[in-house]
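Just so we're aligned, residue 35 is where the sequence shown starts under this note's numbering, counting upward by one. Below is one structure; the comments refer to it alone.
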Amino acid sequence: MKLPLPLFVGLRYLRPRKQQLLVSFISMTSMLGIFLGVGALITILSVMNGFEAELRSRLLSLTSHATLSENPQALAHWPELAKRAREVPGVQAVAPFVETQVLLAHEPDLSGAILRGIDPESEEAASQVGRAVVAGRLADLEPGKARLAIGRVLAFQLGLGVGDEVTVMVPAVDAHSSDIRPRLQRFTVAAIFEVGVQDHDGVLV
């Protein structure tokens, strides 16, 4: 039976013969090393791809794929802009938000945080924040109620639980003297969320 040339050459150096035992041993050892190397490479790439996909999913769980930002005057009519954005092919959901850096105080602890104001109903459609809540309810974030949802790591650092009060300090510039004076507001913890990423669980409110 005639064999293809590559297979013929390969078998010639793999079949042990008295005159070629060393050559056959070296060939088998080399092929075994290649098999192990390729197998290890495939395994590592599979693990890394899975890790990357999981990390990307967690990072994007509370972060939008795209953000439209502008000065407050330009975004005063954001409902109209949101409606136009929803009409763009590929857009699944749109949610408005405002964001600023704040300082949280719950005696005797202080911690910096990113405070994000959201519309809970729109936010649940655009992110996974609703599914990330591990205590309390996101629905309790009602206008004028001074309630907030906080990341689990940040809540642990400050010793906060659902129902506890925390003071939020926001830097503000005095219109008359141009001095920076913090504005203080007490909030009640309505929900605690956890997505498994320090960038969210440890800084986001």
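Built from N, CA and C at the ideal position, the CB exists for glycine as well.
Inset, instruction - Note down, in chain order, each residue of its chain lying with its Cβ closer than 6 Å to the Cβ of Val-128, except the 5 sequence neighbours on either side. - result: Mapped onto the sequence shown, residue 128 falls at position 94. Answer for Val-128: Ala-116, Ala-119, Arg-120, listed in chain order.
Inset, instruction - Measure how close the beta-carbons of Glu-133 and Arg-150 come, nearest whole angstrom, since I'm counting them as under 8 Å. - result: Locating residue 133 in the sequence shown gives position 99, counting from the first residue. Locating residue 150 in the sequence shown gives position 116, counting from the first residue. At roughly 5 Å, the Cβ-Cβ gap stays under 8 Å, so Glu-133 and Arg-150 are in contact.
Legend entry - For Pro-113, three-class secondary structure by DSSP: Indexing the sequence shown from 1 puts residue 113 at position 79. Correct three-state label for Pro-113: helix.
Inset, instruction - Could you say if the stretch 218-227 and the stretch 188-208 meet the contact criterion of at least three C-beta pairs nearer than 8 Å? - result: yes
Legend entry - Local conformation of Ser-156 per DSSP, three classes: Translated into the one-based positions of the sequence shown, residue 156 becomes position 122. Residue state, collapsed to three classes: helix.
Legend entry - Delimiting residues of the alpha helix (DSSP H) encompassing Pro-99: As a first step, residue 99 is located in the sequence shown; it is residue number 65 there, counting from the start. At residue 99 the sequence reads His, which differs from the Pro that was named. Counting along the chain, His-99 falls outside any alpha helix (DSSP H), and DSSP gives it neither H nor E.
Inset, instruction - Please check the pair Ala-224 and Gly-170, which I expect to be a contact at CB under 8 Å, by giving their CB distance rounded to whole angstroms. - result: Your numbering for residue 224 matches position 190 in the sequence shown. Your numbering for residue 170 matches position 136 in the sequence shown. Contact holds; Cβ gap of about 5 Å.
Inset, instruction - Consider the C-beta atom of Pro-38 and the heavy atoms of the ligand GTP; say whether any pair is separated by less than 7 Å. - result: Summarising the ligand content, the structure contains no ligands, and the ligand GTP is consequently not present.
Inset, instruction - Measure from the alpha carbon of Ala-139 to the alpha carbon of each residue in Glu-155, Gly-193, Ile-226, then state which is nearest. - result: Sequence index remark: in the sequence shown, residue 139 carries index 105 (1-based). The option with the nearest alpha carbon to Ala-139 is Gly-193.
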